[in-house]
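Novice: Residue numbers (the working numbering): 2 to 376. Here it is: the structure, laid out below.
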């Protein structure tokens, strides 16, 4: 019945959803579909660590055919969620001592109803569009600016710390405290760095810990795998934190990869991050297949290479990261058409096609979760 229901949903999506027009599946379908519906065969059933995806309050609230199908996939395959944008500063910090928690609260409520973990993303991020205009243009002193940032971090962390499941456990179990603070091997010049100082990252972690003594605090960045100089700078920062008592619990490796990059540096990067002894989170996984713009459609050959890269990530994560440091793997989106990389249909970076059918990447990722490396 589940398979019949899924087919009906797909028909509704194709016939009724305007955002799916012209995006029929090119390649896809699991090579070994589960022959016994009573036997768990979803991603979250393969491992003991969480498997996550990104959500928005709007799609969780929607009862459209597309979002109904999305939520079915979400609850089948995933047991952790991260807000793509709804829990970022620009969506919650309205002014001094003025906050709008509504979208985040809706996501947390959905997580509570469906027994999901929430990873908070993110307290500080540098792009101008990610900072409220009133704060970007704040004309007060640097000391006053620092107080505004401290107030926001502590208000956000404390607010979501109050959300508990029926057993009294926190639903928001973790936060990306600072996102993308490094540019290559150097500290990135950002509004926060300019107005607070080079130690703004350490201060942000300290403020978050003061607001909640138990929530897990992460530093999150891209190209940790693939850019050794950047990884070395982040590892140096983490070492300083550990030596001077600055609170930090984990490192988020975003993993926005290409089908053929990185290769040999991928297991090395995971190993070096794991060597810190901190929690390791593959926090924003997707795999581009058309970064050189040499395709006009997703070919079977390129889909197979993408599958291999997904498999490498899940295999190396499972086999390299010690069990007590496995915070989980979060994929950055469900369908290609909803990816931030979609680029008007010229990129296909995720594990499901427009009709919510698994692509070969789904099987590759699952094989890696089960401890099988790429041949």
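Glycine included, each C-beta is placed from N, C-alpha and C at the ideal position. This one's a predicted model, so the numbers in the text were calculated from it and none came from an experiment.
1) What's the gap between the Cα of residue 321 and the Cα of residue 271?
2) Which same chain residues, not among the five before or five after residue 197, have their C-beta less than 6 Å away from its C-beta?
3) Would you kindly work out how many angstroms separate the C-alpha atoms of residue 290 and residue 234, rounded to a whole number?
4) Quick check on DSSP: helix, strand or coil for residue 189?
5) Any idea if residue 195 is buried or exposed, counting beta-carbon neighbours within 10 angstroms, 16 or more meaning buried?
6) So, are the CB atoms of residue 56 and residue 121 less than 8 Å apart?
7) Using 8 Å as the threshold, is the C-beta distance between residue 232 and residue 273 below it?
8) Ordered along the chain, which non-local residues of its own chain (more than five positions away) have a Cβ less than 7 Å from that of residue 87?
9) Within 10 angstroms of its Cβ, does residue 251 collect 16 or more other Cβ (buried), or is it exposed?
10) Between residue 117 and residue 82, how many whole angstroms is the CB-CB distance? I'm expecting something under 8 Å.
11) Under 8 Å: do the stretch 209–221 and the stretch 277–287 share three or more Cβ pairs, one atom per stretch?
12) Please report the straight-line C-alpha distance between residue 264 and residue 339, rounded to a whole angstrom.
13) Please report whether the beta-carbon of residue 90 lies at a distance below 8 Å from any beta-carbon of chain B.
14) Is it true that the stretch 305–312 meets the stretch 274–281, where meeting means three or more beta-carbon pairs spaced less than 8 Å apart?
15) In chain order, which alpha helix (DSSP H) runs of at least 4 residues are fully inside the stretch 296–328?
16) Counting Cβ pairs closer than 8 Å, one from the stretch 329–338 and one from the stretch 350–365, do we hit at least three?
17) Where does residue 219 fall in DSSP's three states?
18) On a CA-only basis, which of 238, 187, 101 and 319 is nearest residue 204? Give me that one, please.
19) Looking only at DSSP bridge pairs, what is residue 126 linked to?
20) Quick one: Cα of residue 43 to Cα of residue 370, how far?
21) How would you call residue 175, buried or exposed, if buried means at least 16 neighbouring beta carbons within 10 angstroms?
22) For the ligand ADP, is there a heavy atom less than 7 Å away from the beta-carbon of residue 238?
Specialist: With the given structure in hand:
1) Position 320 of the chain shown, counted from the start, is the residue given in the question as residue 321. Position 270 of the chain shown, counted from the start, is the residue given in the question as residue 271. If you take the alpha carbons of residue 321 and residue 271, they lie about 7 Å apart.
2) Position 196 of the chain shown, counted from the start, is the residue given in the question as residue 197. Excluding positions up to five away in sequence, the list reads 147.
3) Locating residue 290 in the chain shown gives position 289, counting from the first residue. Locating residue 234 in the chain shown gives position 233, counting from the first residue. Rounded to whole angstroms, residue 290 to residue 234 spans 29 Å at the Cα level.
4) Stepping through the chain shown from its first residue, residue 189 is reached at position 188. Coil.
5) Within the chain shown, numbered from 1, the residue matching residue 195 stands at position 194. So residue 195 counts as exposed.
6) Against the chain shown, residue 56 aligns to sequence position 55. Against the chain shown, residue 121 aligns to sequence position 120. In this structure, residue 121 does not lie closer than 8 Å to residue 56 by Cβ.
7) Locating residue 232 in the chain shown gives position 231, counting from the first residue. Locating residue 273 in the chain shown gives position 272, counting from the first residue. Yes, the pair counts as a contact, with Cβ atoms nearer than the cut-off.
8) On the chain shown, residue 87 is found 86 positions in, with the first residue counted as 1. So the qualifying residues of the chain are 57, 58, 104, 105 and 108.
9) Along the chain shown, one-based indexing puts residue 251 at 250. Buried is the call here.
10) Sequence index remark: in the chain shown, residue 117 carries index 116 (1-based). Sequence index remark: in the chain shown, residue 82 carries index 81 (1-based). At roughly 5 Å, the Cβ-Cβ gap stays under 8 Å, so residue 117 and residue 82 are in contact.
11) yes
12) Taking the chain shown and counting its residues from 1, one reaches residue 264 at position 263. Taking the chain shown and counting its residues from 1, one reaches residue 339 at position 338. Spanning the two alpha carbons is a distance of roughly 27 Å.
13) Judged by its chain identifiers, the structure shown contains no chain B, having just a single protein chain.
14) no
15) 301–321
16) yes
17) Walking along the chain shown from the start, residue 219 turns up at place 218. Residue 219: strand per DSSP, three-state reduction.
18) Residue numbering aside, residue 204 sits at position 203 when the chain shown is read from its first letter. For residue 204, the nearest C-alpha among the options comes from 238.
19) Numbered from its first residue, the chain shown carries residue 126 at position 125. Answer by DSSP bridge pairing, in chain order: 180.
20) By one-based count along the chain shown, residue 43 stands at place 42. By one-based count along the chain shown, residue 370 stands at place 369. Answer to the nearest angstrom: the Cα atoms are 11 Å apart.
21) Residue 175 sits at position 174 when you count from the first residue of the chain shown. Looking at its Cβ environment, which holds 16 or more other Cβ atoms inside 10 Å, residue 175 is buried.
22) Among the components modelled here there is no ligand, and therefore nothing to report on the ligand ADP.
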